[in-house]
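The next block holds one structure in the form of structure tokens; read it before the comments.
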Ligand SMILES: [Fe+2]
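Residue numbers (the working numbering): 32 to 322.
Pasting the structure below:
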């Protein structure tokens, strides 16, 4: 039994106002429900895909992993019980807040809160409408996007996401840091999105290196690039195409310091024909660091 997609991402941020204009004005997400200390944003018909909560961490604070069916949720609970993995059934309050029918809360070996749920709220009567004119995001079975997590506990974190939750390796990229040291990034899928999760075995000040949102068209990405100056956003990497998922994307700094990757046209992975490969560079072209 595996999780099916990254349903939502939560961030703890020190500047809610800056994040609000970043997410709506620059990325083009639609505002959802909010109160004074927490706000949610939509990318599609779901009640939310991103949530920001006021706090000091300026980092990712939780991820929501979706299971397709009620039966799948029961099976996953059974597997965790059998493996002796600790989890807490969510309170009615938390289930209501997330708008899901059933939810359990785990902590990954690096300390990130992982919420596994079924039955997310869909707001089909209030269609998605981007305030910045983004035509849409690629979500659906591929979920909200991807996250790249930095951790020194690679063996434990890998085991948690693969053996327990069912993520499968897509490929690896070796980045030569020095003549004697190559950093190997690992990319994992749980649906046709090439990677929903990537793991970087390194110490880092924040858990999250970046998260990625995939826009529907190249024009959406181009228009987002045009908004960089207007929205006072700092671009961190030029437009480029990744060697493994072939995503055409650029990177920008969020108000919390970590990056967002804004991409389009990533490839889909199908388990019956996919072969794990290794790459020696992160990008086919572009993705040059901006000063
Ligand atoms: Fe990425």
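Even glycine gets a Cβ: it sits at the ideal position worked out from N, Cα and C.
The structure presented is a predicted model; accordingly, all values stated were derived computationally and were not measured.
Selection from the options that minimises the alpha carbon distance to residue i
i           : options            : result
residue 216 : 106, 309, 82       : 309
residue 87  : 302, 288, 314, 224 : 288
residue 127 : 156, 259, 114, 64  : 64
residue 261 : 49, 69, 37, 57     : 57
residue 250 : 311, 164, 118, 209 : 164
residue 69  : 306, 51, 141       : 51
residue 238 : 55, 197, 41        : 41
residue 213 : 203, 222, 112, 75  : 203
residue 221 : 207, 194, 139, 235 : 194
residue 85  : 48, 257, 210, 192  : 48
Three-way DSSP call (helix, strand, coil) for residue i in this model
i           : result
residue 298 : coil
residue 18  : Limits of the chain in this structure are 32 at one end and 322 at the other, which puts residue 18 out of reach.
residue 316 : strand
residue 171 : helix
residue 114 : helix
residue 255 : helix
residue 128 : helix
residue 145 : strand
residue 73  : strand
residue 46  : coil
residue 289 : coil
residue 187 : helix
residue 181 : strand
residue 150 : coil
Residues of its chain near residue i, where Cβ-Cβ distance is below 6 Å and the 5 sequence neighbours each way are ignored
i           : result
residue 315 : 272, 274
residue 96  : 34, 147
Supposed contact pair residue j and residue i - C-beta distance, whole angstroms, cut 8 Å
i           : j           : result
residue 226 : residue 201 : 5 Å
residue 267 : residue 279 : Going by Cβ atoms, the distance from residue 267 to residue 279 rounds to 16 Å, so no, they are not a contact pair.
residue 137 : residue 168 : With 8 Å as the limit, residue 137 and residue 168 do not qualify as a contact, their Cβ atoms being about 27 Å apart.
residue 36  : residue 89  : Not confirmed; about 26 Å, so no contact.
Proximal residues to residue i (C-beta, below 7 Å), its chain only, five neighbours per side dropped
i           : result
residue 130 : 78, 151, 152
Give the residues whose C-beta lies closer than 5 Å to at least one heavy atom of ligand 3, in chain order. This structure lacks ligand 3; the ligands present are ligand 1.
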